[in-house]
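Working notes, beginning with the structure itself.
Number of protein chains: 2
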Amino acid sequence: MKPTGPIPQGYDALDGVLAVGGVKLTEVAEQTGETPLFVYSRALLTRKFNDLRAAMPAKLAIHYAMKANPFGPLLEHMNGLVDGFDIASGGELELALAAGVDPARISFAGPGKRDRELEAAIAVGVTLNCESEGEAERALAIAQRLGKPLKIAIRVNPGFDLKGSGMKMGGGAKQFGIDEERVPALVRRLIAAGADWRGFHIYAGSQALKAEALIETQSRTIALAARLADEAGASPPHVNLGGGYGIPYFPGDVAVDVDAVGAALRAELASVPDALADTRFAIELGRYLVGESGVYLTRIVDRKESHGEVFLITDGGLHHQLAASGNFGTVIRRNYPVAIASRFAAPADEVQSVVGCLCTPLDRLSDSAMLPRAEVGDLVAIFCAGAYGASASPARFLGQGPAREILL
Amino acid sequence: MKPTGPIPQGYDALDGVLAVGGVKLTEVAEQTGETPLFVYSRALLTRKFNDLRAAMPAKLAIHYAMKANPFGPLLEHMNGLVDGFDIASGGELELALAAGVDPARISFAGPGKRDRELEAAIAVGVTLNCESEGEAERALAIAQRLGKPLKIAIRVNPGFDLKGSGMKMGGGAKQFGIDEERVPALVRRLIAAGADWRGFHIYAGSQALKAEALIETQSRTIALAARLADEAGASPPHVNLGGGYGIPYFPGDVAVDVDAVGAALRAELASVPDALADTRFAIELGRYLVGESGVYLTRIVDRKESHGEVFLITDGGLHHQLAASGNFGTVIRRNYPVAIASRFAAPADEVQSVVGCLCTPLDRLSDSAMLPRAEVGDLVAIFCAGAYGASASPARFLGQGPAREILL
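As they're listed, the protein sequences go chains V and Y.
In terms of this note's numbering, the first sequence has 51 at position 51, counting the first letter as 1, and numbering is strictly consecutive.
In terms of this note's numbering, the second sequence has 346 at position 346, counting the first letter as 1, and numbering is strictly consecutive.
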């Protein structure tokens, strides 16, 4: 038997089945008429955001990094909550605009922006988070050609990383941003060229759960921004402190203490160095805001035994939930939180492995977990499916296609 | 500096740039007008097949497992070469039929076949490789309801695996097939129910490079089929011996000695046990047939240095080439074969890392390889892109989309 991750808050049993916000997910699947299915909850999204908002300094802007989940209705919902959107491609720009996001609230990071993506962003007044000197020159030329102002911040490759983060985005050679020591010259260059310099974007890592690590990184990020401002001789209007707030996926994971992180940040912002006295600060979160508010539902097509192991074979799989299968940049496979949605209140009485329908041994959604004994037709729920699920999985693999997504 | 895998045969320098079959890939990219781009070569596909055909016993059927690459024009080309197609979903059935494949030459394996997929397959006369007793009963009922004959083979979960294989598909508890000891009863059940029992499908593993391991597995597979036939009291009309022939991806990998494998198989088939005297044998290959005949071309958008490391930032990435990025079920990241296509004849004189355009540190296509010094606008080629590339990658990730594919 192998343990599973903790089921996020907000999921309850109603008449014995899995429900969210008083709605039974078995009925949602029936009404939708198809599985697999991603279900996202407005109520959980709002609650998560409001809890974070309450924990954070009032003047701190909270941005949504839409790479975590670009589903249109979810973007529209988030647009009513957050202060800004961070995009990572021209494709995400189109999705954000289609969802009604004001381009003045959008910033665009990404190391490989093509000219046509820069053009599209500059044309509508998006702020570029510039990743290199070469990109800065391309952006200046495009803005001049279009006769548009160039709103541009500098993404800094910090000399430190976020301790305990799942993905390090600083602290060494990186394809992201500009090494610290070259930043002041670029600030001066952009200002001299007449660009609307918007400040700094500093992102040190992602998916960290320890408050101390996040607090230390935020403190170092503010100090770095102040030092770079001093060296450049210019005060940044904005500083994006990055994100990195993780969510619990695996056995033993504990949620971030955002009250502690918020309190520390409040203290930091109350006494910023002079160079940042008029600076507006933001954090940028994707997974943290949306990850726990989604669940992936897949139906059991077959139940079989092999050499004493019970397999629940579903109509879903890694083509929708690559990360849950443990195959997306993971070294050691561990189980996401999982449940039998149609028997959510039943006692866990059998060790079962949940696999997908793909003809590859990689397609295992949950390994040897103790669950209520399930049968063909039962619904399996994989939690933490709100971020890096549908859009981060190879939907066309083995002739499959994308899963249906709905926002409740 | 880190080594790269061996560039497959058939790629040459022409006027200093990468060419295949006398066609310069830089010109293909210009004419296509967009990158990234998958280019597959008819000439290389044909040569690879013909070499294999010559090495194998004449009466051995060679099937194409289209999960490796389901691109329509490539399917049409393979249809003119191979003896059968193996599919893994109803979606693949549609793609195969659209490419003109005769359904009588198609077999359908996969542990999670839905009723509607079984219906579609039975309706057109596809052979099912049955994965469980439950699936067998569903198929019998559907065939009866449709008034169609049921062509059905039994997929066996062998008690051994393919040594050295990248993915083990036998030798223990598996979601694939039926444990050996339960197979004879199911053969009898299918025959008694009036099904057209087609024999056995026995697949022990994939991506093995050692001839000895493949030879041993084929020998054990034939012996297993004979034993099961004896126990069932019925001779299998067909036995699919599986595949598992790998291709070299990484430094030090050496191609399969197919002449040795073919010679051993010829000897085996010349003296099969009595129960298999009238059996027709097949092997089922995907990656081996198509993997080396494709190349992924992506253009350099930016060139930057960070802490002394040179990054070539491209317009492609893991959203098209997940496996090459080392993030698809890989424990230790190693470099695929890579080249600067637009400087293919130039001396390798600089250590450079090729990264994609995605805003994630996972998006690294080649790590610290010694390559000709490249600039913005140059084309990078990632080889071994003919299998498990486009369809096995999260094309929509970060607002990107699928890459163009062409067959030359």
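The beta-carbon is built from N, C-alpha and C at its ideal position, and this holds for glycine as well.
* For Y:Glu309, return the contacting residues in chain V, with the cut-off set at a CB-CB distance below 8 Å. => Neighbours of Y:Glu309 on chain V, chain order: Ala173.
* Whose C-beta lies closer than 8 Å to the C-beta of V:Glu216 among residues of the same chain, with five residues either side of it excluded? -> Cβ neighbours of V:Glu216 beyond the five flanking positions: Lys163.
* To do: Please name the residue in Y:Gly5, Y:Lys2, Y:Leu269, Y:Lys24 whose C-alpha comes closest to that of Y:Tyr11.
  => For Y:Tyr11, the closest C-alpha among the options Y:Gly5, Y:Lys2, Y:Leu269, Y:Lys24 is that of Y:Lys24.
* With distances taken Cα to Cα, identify the nearest neighbour of V:Pro372 among V:Asp349, V:Asp363, V:Ala390. => When only C-alpha atoms are compared, the closest one is V:Asp349.
* Asked: Nearest chain V C-beta to Y:Gln352 closer than 8 Å, yes or no?
  -> For Y:Gln352, the answer is no, since every Cβ of chain V falls outside 8 Å of its Cβ.
* Asked: So Y:Tyr40 and Y:Gly286 are in contact, right, with Cβ under 8 Å, and what is the actual spacing, rounded?
  -> Between Y:Tyr40 and Y:Gly286 the beta-carbon gap is near 14 Å, outside 8 Å, which marks them as no contact.
* To do: Measure the C-alpha to C-alpha separation of V:Val187 and V:Ile154 and round it to an integer number of angstroms.
  => Spanning the two alpha carbons is a distance of roughly 8 Å.
* Mind pulling the chain V residues with CB within less than 7 Å of Y:Gly329? -> Chain order gives the chain V residues near Y:Gly329 as Asn327, Leu362, where near means a beta carbon separation below 7 Å.
* Asked: Listed from N- to C-terminal order along the chain, which residues in the segment 78-102 of chain Y have their beta-carbon within a distance smaller than 8 Å of any beta-carbon of chain V?
  -> For the segment 78-102 of chain Y, residues whose beta-carbon sits nearer than 8 Å to a beta-carbon of chain V comprise Ile87, Ala88, Ser89, Gly90, Gly91, Glu92, Leu93, Glu94, Leu95.
* To do: Could you pull out every unbroken beta strand (DSSP E) segment of at least 3 residues lying fully inside the segment 309-369 of chain V, listed in chain order?
  => As far as the segment 309-369 of chain V is concerned, its whole beta strand (DSSP E) runs of at least 3 residues are 309-314, 338-340, 350-355.
* Same chain only: Cβ atoms within 6 Å of V:His319, ignoring 5 sequence neighbours per side -> Ser393, Pro394, Ala395, Phe397, Gln400, listed in sequence order.
* Contact with chain Y by V:Lys67, beta-carbon distance below 8 Å -> Using a Cβ-Cβ cut-off of 8 Å, V:Lys67 counts as an interface residue toward chain Y, since at least one Cβ of chain Y sits closer than that to its own.
* To do: Identify the contact partners of V:Pro394 in chain Y, using a Cβ-Cβ distance below 8 Å as the criterion.
  => Within 8 Å Cβ-Cβ: Leu322, Ser391, Ala392, Ser393, Pro394, Ala395.
* **Opening and closing residue of the beta strand (DSSP E) in which V:Thr127 lies** => 127-130 is the extent of the beta strand (DSSP E) around V:Thr127.
* Asked: Is there a Cβ from chain Y that is less than 8 Å from the Cβ of V:Gln31?
  -> It does not: the Cβ of V:Gln31 has no partner Cβ on chain Y nearer than 8 Å.
* When you compare only the Cα positions, how much space is there between V:Gly172 and Y:Leu214? -> Separation of V:Gly172 and Y:Leu214 (C-alpha to C-alpha, rounded to the nearest whole angstrom) is 44 Å.
* Specify, as a first and last residue, the run of the alpha helix (DSSP H) that Y:Arg220 falls within. => In this chain, the alpha helix (DSSP H) harbouring Y:Arg220 covers 211-232.
* Asked: Is there at least one Cβ from chain V nearer than 8 Å to Y:Ile154's Cβ?
  -> Answer no: the Cβ-Cβ gap between Y:Ile154 and chain V never drops below 8 Å.
* **Cβ-based burial, Y:Arg145 [other Cβ within 10 Å; buried from 16]** => Result: exposed.
* According to the Cβ coordinates, are V:Phe38 and V:Ala385 closer than 8 Å? -> Inclusion of V:Phe38 and V:Ala385 in the CB contact set at 8 Å is warranted, their separation being smaller than that value.
* Under a three-way DSSP split, which group does V:Arg299 fall into? -> When DSSP states are grouped into helix, strand and coil, V:Arg299 belongs to the strand group.
* Asked: Between Y:Cys357 and chain V, is there a C-beta pair that is closer than 8 Å?
  -> At least one chain V Cβ lies under 8 Å of Y:Cys357.
* Asked: Under 7 Å Cβ-Cβ, which residues of chain V neighbour Y:Leu60?
  -> Against chain V, a Cβ distance below 7 Å from Y:Leu60 picks out nothing, because the smallest value is about 22 Å.
* Asked: Cβ of V:Ile283 less than 8 Å from any chain Y Cβ?
  -> Cβ-Cβ to chain Y under 8 Å: no for V:Ile283.
* So with Cβ pairs under 8 Å, would you call Y:Asp196 a contact of chain V? -> Interface with chain V (8 Å Cβ-Cβ cutoff): Y:Asp196 is excluded.
* **8 Å Cβ cutoff met for V:Val258 and V:Ala55** => A contact, by the Cβ cut-off of 8 Å.
* Counted within 10 angstroms of its Cβ, other Cβ atoms place Y:Gly22 as buried (16 or more) or exposed -> Looking at its Cβ environment, which holds fewer than 16 other Cβ atoms inside 10 Å, Y:Gly22 is exposed.
* Are the beta-carbon atoms belonging to V:Gly316 and V:Gly377 less than 8 Å from one another? -> At the C-beta level, V:Gly316 and V:Gly377 stay beyond 8 Å of one another.
* Of the residues that make up the segment 110-124 of chain Y, which ones have a beta carbon closer than 8 Å to any beta carbon in chain V? -> Listed by position along the chain: Gly110, Pro111, Gly112, Lys113, Arg114.
* Asked: In or out: Y:Ile283 buried (at least 16 other Cβ within 10 Å) or exposed?
  -> Y:Ile283 sits buried, since 16 or more C-beta atoms from the chains shown fall within 10 Å of its C-beta.
* Simplified DSSP assignment, three categories, for V:Lys163 -> Correct three-state label for V:Lys163: coil.
* **Chain-order list of residues whose beta-carbon lies under 7 Å from that of V:Tyr388 (same chain, five-residue window excluded)** => For V:Tyr388, where only same-chain residues beyond five positions count, the Cβ hits under 7 Å are Ala68, Arg287, Ala323.
* Sequence-distant residues of the same chain with beta carbon closer than 7 Å to Y:Ala120, five excluded per side -> Scanning its chain for C-beta atoms nearer than 7 Å, with the 5 sequence neighbours on each side dropped, one finds around Y:Ala120 the residues Gly90, Leu93, in chain order.
* **Minimum Cβ-Cβ distance from Y:Ala70 to chain V less than 8 Å** => Note that residue 70 of chain Y is Pro in the sequence shown, not Ala. So yes, Y:Pro70 belongs to the interface.
* **Residue burial classification, Y:Lys138 (beta-carbon count within 10 angstroms, cutoff 16)** => The displayed chain sequence assigns Arg, not Lys, to residue 138 of chain Y. Buried: at least 16 other Cβ atoms inside 10 Å.
* Asked: On the three-state DSSP scale, how would you describe V:Leu241?
  -> Three-state DSSP puts V:Leu241 in coil, outside helix and strand.
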